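Undergrad: Under the numbering used here, the first residue of the sequence shown is numbered 97, with each subsequent residue one higher. Quick one: the structure is below, and I'll ask about it shortly.
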Amino acid sequence: MKISAFAITEITLGKHNIKDDKLDQADKLVKAKKKTYAQLEVAGEDAALESDVIIAPRDAKTDLILRDLDFVETRLSRQPEEKEKAVLNKMKEALEKEEFVSTVGLSSEDKELISGYGLFTIKPVVLVDKGELENIGGLLVKVLAQSGFICFLTVGDKENRAWLIKKGTTAWEAAGVIHSDIQQGFIRAEIIGFADFIQSGGETQAKQAGKMRLEQKEYIMQDGDLVNFRFNK
97 MKISAFAITE ITLGKHNIKD DKLDQADKLV KAKKKTYAQL EVAGEDAALE SDVIIAPRDA
157 KTDLILRDLD FVETRLSRQP EEKEKAVLNK MKEALEKEEF VSTVGLSSED KELISGYGLF
217 TIKPVVLVDK GELENIGGLL VKVLAQSGFI CFLTVGDKEN RAWLIKKGTT AWEAAGVIHS
277 DIQQGFIRAE IIGFADFIQS GGETQAKQAG KMRLEQKEYI MQDGDLVNFR FNK
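Take a look at the structure:
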């Protein structure tokens, strides 16, 4: 995952650990040789168009909107086809109200029409206050939550680890985040919900209490899910 720091210099560019306390709590209950946080990359303003999320100070909102509005108006001046024109006008109306393109509610067909556009606010934009920049770790956790990302956990033996995924990711897709071989050989996902894991006092206790579920490929992963993937090797 890549975040662009737009008009922000207080965040060090490069890889950052996401210190979600769920992994810390899990690590206290299940012993492992290593604890590995999920990571994201923070890039500069020049990478905004290719990033998954933009983080910007509140006073930069107008700048982002004006950049997109200028782009949309330029496209409209070139007399596009009717379908594209309708999408452009929909976005123009939102931008003129100082709303981001991401709030328009574009259909999959709309998104296909504008897939090659260089728009900033079509992706999640998280606006922050100056004070929030004093706690970068907490700020990055907030950015994930507001931009539609969660973590699932794998625990025990060699490593307790958090894995970063988008909300709505299926168990089959999550398996591929760990390794393509696990995804290809997917059989079932053994899932323990985070609340059940904590309340039971650990993985073994949760299983003994009947809190582990076997889920199919289509299961939608939840934040903090502890998972063990069964797969054909």
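Note that beta-carbon positions come from the ideal geometry of N, C-alpha and C, so glycine has one too. It should be emphasised that the depicted structure is a prediction, and the values quoted were computed from it without experimental measurement.
Look up A291 in the DSSP assignment and say whether it is helix, strand or coil.
TA: Note: A291 maps to helix in three-state DSSP.
Undergrad: Since L184 is in the beta strand (DSSP E), which residue starts that stretch and which ends it?
TA: That residue, L184, is in no beta strand (DSSP E); its alpha helix (DSSP H) goes 178–192.
Undergrad: In whole angstroms, give me the CA-to-CA distance for D253 and T300.
TA: The alpha-carbon atoms of D253 and T300 are separated by roughly 13 Å.
Undergrad: Would you decide whether N256 is buried or exposed? Buried here means 16 or more other CB atoms lie within 10 Å of its CB.
TA: Classification of N256: buried, given that the 10 Å Cβ count is 16 or more.
Undergrad: From which residue to which residue does the beta strand (DSSP E) around Q135 run?
TA: First-last of the beta strand (DSSP E) with Q135: 134–139.
Undergrad: Verify whether the separation of the beta carbon atoms of F102 and A139 is less than 8 Å.
TA: No; because the gap between Cβ atoms is not below 8 Å, this pair is not in contact.
Undergrad: Quick check for students: name the residue ranges of the beta strand (DSSP E) that lie wholly in the stretch 137–172, counting only runs of 3 or more.
TA: Runs of the beta strand (DSSP E) inside the stretch 137–172: 149–153.
Undergrad: Using only alpha-carbon positions, find the residue among L229, K238, D277 that is nearest to T108.
TA: Ranking L229, K238, D277 by Cα distance to T108 puts L229 first.
Undergrad: So what does DSSP say about T266, is it helix, strand or coil?
TA: Three-state DSSP puts T266 in a strand.
Undergrad: Does DSSP classify S243 as helix, strand or coil?
TA: The answer is coil: DSSP assigns S243 none of H, G, I, E or B.
Undergrad: Going by beta carbon distance, what residues of the same chain come within less than 8 Å of S198, once the five residues before and after it are set aside?
TA: Hits under 8 Å: T217, I218, K219, P220, V221.
Undergrad: DSSP state of L202, grouped into three classes?
TA: L202 falls in the coil class under three-state DSSP.
Undergrad: Whose CA, out of S276, D120, R284, lies closest to the CA of Y315?
TA: Y315 has its Cα closest to that of R284, out of S276, D120, R284.
Undergrad: Assign A305 to one of two classes, buried (16 or more other C-beta atoms within 10 Å of its C-beta) or exposed (fewer than that).
TA: The residue in question, A305, is exposed, as its Cβ has fewer than 16 Cβ neighbours within 10 Å.
Undergrad: Run the CB neighbour count on T158, radius 10 Å, all protein chains shown included, and call it buried at 16 or more, exposed below.
TA: When all chains shown are included, T158 counts as exposed.
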